[in-house]
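Novice: Sequences listed follow chains A and B, in order. For my numbering, add 30 to where a residue sits in the first sequence, where the first one is 1. For my numbering, add 30 to where a residue sits in the second sequence, where the first one is 1.
Number of protein chains: 2
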Amino acid sequence: MKTLKVAMLGFGNAGCAFAEMLNSKHEEIKKKYDCDVKVTAIVTGRRGSIIDPDGIDLDKVCPAGNQGSFPADTPGLGNVDAMTVVNEADYDVVCEMTPLNIFTGEPAISHIKGAFARGKHVITANKGPIAWAFDELSKLAEEKGCMFFYETVVMDGTPVFNLAEHTLKMCKVTEVSGILNSTTNYILEELAKGRDYDSIMESGRKLGFVEADPAMDIEGYDAAAKVTALLNVLMKAGITPDMVDRTGIENITAEDIQAAASRGKVIKLLCSGSLGEDGKVNAFVKPVEVDTKDMLASIDSTTSVVSITTDLMGKISVIEHAPEIEQTAYGIFGDLIRVVEGF
Amino acid sequence: MKTLKVAMLGFGNAGCAFAEMLNSKHEEIKKKYDCDVKVTAIVTGRRGSIIDPDGIDLDKVCPAGNQGSFPADTPGLGNVDAMTVVNEADYDVVCEMTPLNIFTGEPAISHIKGAFARGKHVITANKGPIAWAFDELSKLAEEKGCMFFYETVVMDGTPVFNLAEHTLKMCKVTEVSGILNSTTNYILEELAKGRDYDSIMESGRKLGFVEADPAMDIEGYDAAAKVTALLNVLMKAGITPDMVDRTGIENITAEDIQAAASRGKVIKLLCSGSLGEDGKVNAFVKPVEVDTKDMLASIDSTTSVVSITTDLMGKISVIEHAPEIEQTAYGIFGDLIRVVEGF
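(1) Can you tell which of B:Asp186, B:Val184, B:Phe146, B:Gly187 has its C-alpha closest to the C-alpha of Ser168 of chain B?
(2) Report the neighbours of Met325 of chain B on chain A: residues whose CB is nearer than 7 Å to its CB, in chain order.
(3) Along chain B, which residues have their Cβ under 8 Å away from the Cβ of Thr188 of chain A?
(4) In three-state terms, what does DSSP make of Ile153 of chain A?
(5) Could you spell out the range, first to last residue, of the alpha helix (DSSP H) harbouring Gly213 of chain A?
(6) Ignore the nearest five residues each way along the sequence and tell me which others in Ala259 of chain B's own chain have a CB closer than 8 Å to its CB.
(7) Taking beta-carbon pairs under 8 Å, can you tell me which members of the region 197-225 of chain A lie near chain B?
(8) Whose Cβ in chain B lies nearer than 9 Å to the Cβ of Met51 of chain A?
(9) Counting only the same chain and skipping the five closest in sequence on each side, list residues whose C-beta sits under 7 Å from that of Ser99 of chain A.
(10) Between Glu126 of chain A and chain B, is the shortest Cβ-Cβ distance under 9 Å, so that the two count as touching?
(11) Using CA coordinates, which residue listed in A:Asn117, A:Thr74, A:Leu130, A:Met113 is at the minimum distance from Gln97 of chain A?
(12) Pick from B:Lys62, B:Cys46, B:Leu198: whose alpha carbon is nearest that of Pro93 of chain B?
(13) Per DSSP, what are the beta-bridge partners of Arg235 of chain A in this structure?
(14) List the residues of chain B whose Cβ lies closer than 8 Å to the Cβ of Leu237 of chain A, in chain order.
(15) In chain order, which continuous runs of the alpha helix (DSSP H) of length 4 or greater are located wholly inside the region 36-97 of chain B?
(16) Relative to the C-alpha of Ser302 of chain A, which candidate in A:Val124, A:Thr270, A:Val123, A:Ser337 has its C-alpha closest?
(17) Just the Cα atoms here: how many angstroms apart are Phe41 of chain A and Ile80 of chain A?
(18) Within 8 Å, do at least three Cβ pairs link the region 228-246 of chain A to the region 211-219 of chain B?
(19) For a minimum of 3 consecutive residues, which ranges assigned as the beta strand (DSSP E) are wholly contained in the region 237-318 of chain A?
(20) Mind listing which residues of the region 287-320 of chain B have their C-beta closer than 8 Å to chain A's C-betas, in chain order?
(21) Keeping to the same chain, check which residues put their C-beta closer than 6 Å to that of Leu342 of chain A; ignore five residues upstream and five downstream.
(22) Find out if the Cβ-Cβ distance for the pair Ser212 of chain A, Ser304 of chain A is shorter than 9 Å.
(23) Following the continuous alpha helix (DSSP H) through Gly208 of chain B, name the residue where it begins and the one where it ends.
(24) Would you say Asn192 of chain B lies against chain A (beta-carbon separation less than 9 Å)?
(25) Pull up the DSSP beta-bridge partners for Thr339 of chain B, would you.
(26) List, in order along the chain, the chain A residues whose C-beta lies closer than 7 Å to that of Tyr360 of chain B?
(27) Do the CB positions of Ala327 of chain B and Ser328 of chain A come within less than 9 Å of each other?
(28) According to DSSP, is Thr134 of chain B part of a helix, a strand, or is it coil?
(29) Which of the three DSSP states is assigned to Ser140 of chain B in this structure?
(30) So that I know if they touch, is there some Cβ in chain B lying closer than 9 Å to that of Ile367 of chain A?
(31) When the Cβ atoms of the region 189-203 of chain B are set against those of the region 282-300 of chain B, are three or more pairs found closer than 8 Å?
(32) Got a sec? Which residues, its chain only, sit under 6 Å from Phe191 of chain A by beta carbon, not counting five neighbours each side?
(33) Using Cβ-Cβ distances below 8 Å, what residues of the region 52-84 of chain B are close to chain A?
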C-alpha cells in the first residue's frame, strides 16, 4: 500500500471540515485506492503548528475545530511557520488554505512555488495564486512533473475546472459568466425587499454572509479575482484581477432596484469574460439588470452559477445550491482524491 | 500513428452532424492524440449502407445530410443491415444511433451486445439500452474489457454521466431530478400564454418541438426513459422505465395553469428519483407546481436541467441552454474522444 503525506497550510473552517471529511473517509480511500493518506503537518496563524511525520491523529485535533487550542499533548505541537513547513517538512502534497491577500495572492504564491521547487504536488483552495500567477505556477508544475489542482477556488467543490478539463474534451471556451459573490447577492436581495442598508449589513454579519470589512465583496474585488481565475484557467486569458473592468454595487440604491423591478428586472452582480476580436479576453464585473424569468434571477443568496460557452457544445451552466462548509471541504477532498489517483 | 475505425448505425440529423464534426476535427485529433479516426461503415434505415474498410470519404457523404441519397459512385454503397455490420464489419467502435423503441430498447440493445461479443467498444446516443438494459450491458462491457459511453442519452453532450464519474469522486448520489422533455415544456409554456391546444400542437410541429405522434412525450414516456437512464447510471438503480411512477401532462388544462399562476407558480413536468429508506430508488415523472422564482421555472422551451444531490457535495445543477443539433453531435464526439484516449 502506498502512503500519501499531506501538509495543510491553514486550519480555519474549511481546513477543519476538510480534515474531518478526510478522517471519515480514510478507510474507504485505503480500500478503494490502496493508499494510506496521512496528514503530516498542520500550520495555523494563531494556534501554532503540528508536525508529525507518522501522521497526525485527526480524531484528536479535529474536535477543537477552528476555535480554541489543539490539545497540549498533541505530538509535534509547536510554532513552525508555513514557509518552513513548505521547505522542510515531510509531505507529498500541500493544501494551500491560508488567508487570501486579494491584491497580491501572497503568501500563497510563495508557498506553492516552494512546494513545486521540491517536486511536491499542490492543491490550493486559495484563489489568489490562480488569479495572480496561474501561468507561472502551472508552468512550474509542468516542468517539475507536479500535480496542481484548484477546484475549490470557484464555487467550492462544484465541478468547473474539472468539468472543463475532463468532460468538454476538445471544446474551446469562448465565453464565461456567472454570479459568484454571495455577499452582494444577499445585499441586493434584501435591498429589493425594501430593507435599509445598515440593517442588512447587521443581519448579514450575523448570518455570516457579510465580512467584518465588506469592501472586498461590495466593490467587486472578490468577484474580479474569481472571474480572473476562471478566465486564466478556462480561456488561458493570462490576466490579473486589476485588468478586470470592475464596478461594485456600492452605488446601487433601493430606487435603482425598484425601477428595475418596474421593468420586470432584478439587479445582479455579474462576472463575465469573452474572447474579443483581437484574440484577447475582456473581463468585467458589474451590476446588470436581468429578466425575472432569466435563470440568473433565480440565483439567490449563497447559491452561485457559472455559465460556460464553447465552440462545440454551446452554452451550459453549473449551479451550486446553498453550499455549506462541507462543500468547500469537498473541493479540497476531491482534488486530493485526484492526487491519490495520480500518485 | 494508431487508427481507430468507427461504425455508425444511423445517419439521421444527429449522425450526420456528428460525421461533420468528426470530419472538421480529423486533423486536430490526429495531431493531438496521434490517432487517425476513420469511419468504415454507415448504416441507414432507408438510404442503404456504406462499407469501406479504407475509410469513407465524409466530404462526399456528409453534404447529402440526412436527406436524399448518397452519391451513386460512393465506394462501398450497398444494402447491408445494421446487425450484419455489427457482426461482420471491420471497426473498433460502434456508434449506436438507430431509432429508439421506447418500450423495449431494441434493436439497439442487440447491436450493442453484438459489438461487445466481438470485443468492440460502444458509444450509444440511444437512450433505450441505458433505460432497459444498463446493468447487463455494462457488465458485458466490463467482462470484455470494452469501453461503453452514453453521455448523449440525457441532455446531449452536456456533462451529466461524465460529470458524476470524473468530477464527483467518492460522492454517493442520493437524489436526481430534472426537466428533460422539451415538447412538454413548450406545450405548458404556450398553454400558459392562453393559446389553445390544437394551435400549439400545429406550431410545435412546424418548429420541430412536437413529433408527428406526440404521445411518447406528452404522456411522459420519454421523460421516464431519461430519468431511468440517469438513475441506472448515477444511482445503480437497476430499474426499467415501466417502474417509474409516470403521469404525463395530458390532463393539464389552461385552467390548472392559470390557477397555479394565481399562486405564483408554474407547472413543469418534473423527473425525479431518490433513495428510499428501503435502499431502493423510487422514481417519478409528474407535473408539479414550482415557484416562479425557482430555477426550475426558468428552464424554458428546449433548455433542460439535471440536478444531482450527493452525500459529500450537496446539490448541484447542470443546465443545457437551447441546444441545436451540434450539441447532440458533440455528445457522441466527446465520447469518441474518450475512446481515442483509451484506445
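Where is the CB? At the ideal position from N, CA and C, for every residue including glycine. This one's a predicted model, so the numbers in the text were calculated from it and none came from an experiment.
Specialist: Looking at the atomic coordinates:
(1) Ranking the options by Cα distance to Ser168 of chain B, first place goes to B:Phe146.
(2) Simply Met325, Ser328, Ile349.
(3) Going along chain B in sequence order, the residues near Thr188 of chain A (Cβ under 8 Å) are Met343, Ile346.
(4) Correct three-state label for Ile153 of chain A: strand.
(5) It should be noted that the sequence gives Thr, not Gly, for residue 213 of chain A. That run of the alpha helix (DSSP H) goes 212-222.
(6) Within the same chain, Ala259 of chain B has close Cβ partners Lys157, Ile160, Ala161, Phe164, Tyr180, Val183, Val184.
(7) Residues passing the 8 Å Cβ filter: Thr197, Leu198, Lys199, Met200, Cys201.
(8) By Cβ distance, chain B contributes Leu342.
(9) Setting aside the 5 residues that flank it on each side, Ser99 of chain A is surrounded in the same chain by Arg77, each with a C-beta closer than 7 Å to its C-beta; the list follows chain order.
(10) No, because no Cβ of chain B sits closer than 9 Å to the Cβ of Glu126 of chain A.
(11) Answer by Cα proximity: A:Thr74.
(12) Out of B:Lys62, B:Cys46, B:Leu198, B:Cys46 has the C-alpha closest to the C-alpha of Pro93 of chain B.
(13) Bridge partners of Arg235 of chain A: none, in fact.
(14) Going along chain B, no residue has its Cβ under 8 Å from Leu237 of chain A, so there is no contact; the nearest lies around 18 Å.
(15) Unbroken alpha helix (DSSP H) runs of no fewer than 4 residues, entirely contained in the region 36-97 of chain B, are found at 43-54, 56-63, 88-91, following chain order.
(16) A:Ser337 is the residue among A:Val124, A:Thr270, A:Val123, A:Ser337 whose C-alpha sits nearest the C-alpha of Ser302 of chain A.
(17) So the two alpha carbons sit approximately 11 Å from each other.
(18) No: fewer than three Cβ pairs fall under 8 Å.
(19) Annotation: the region 237-318 of chain A contains the following complete segments of the beta strand (DSSP E) (minimum length 3 residues), in chain order: 295-305.
(20) Correct list: empty, as no residue qualifies.
(21) Same-chain partners within the cutoff: Cys201.
(22) Going by C-beta atoms, Ser212 of chain A is not nearer than 9 Å to Ser304 of chain A.
(23) Judged by DSSP secondary structure, Gly208 of chain B falls outside any alpha helix (DSSP H) and instead within the beta strand (DSSP E) spanning 203-209.
(24) The beta carbon of Asn192 of chain B falls within 9 Å of a beta carbon belonging to chain A, placing the residue at that interface.
(25) Within the DSSP bridge table, the entry for Thr339 of chain B names B:Glu205, B:Lys345 as partners.
(26) Close to Tyr360 of chain B, with beta-carbon spacing below 7 Å, are these residues of chain A in chain order: Leu342, Met343.
(27) It is a contact, given that the beta carbons lie within the stated cut-off.
(28) Under the three-state reduction of DSSP output, Thr134 of chain B falls in the coil class, being neither helix nor strand.
(29) Three-state result, Ser140 of chain B: helix.
(30) So yes, Ile367 of chain A belongs to the interface.
(31) Fewer than three beta-carbon pairs drawn from the region 189-203 of chain B and the region 282-300 of chain B are found closer than 8 Å, and the two stretches are therefore not classed as touching.
(32) Glu181, Val263, listed in sequence order.
(33) Per Cβ criterion, the list reads Lys55, Glu58, Ile59, Lys62.
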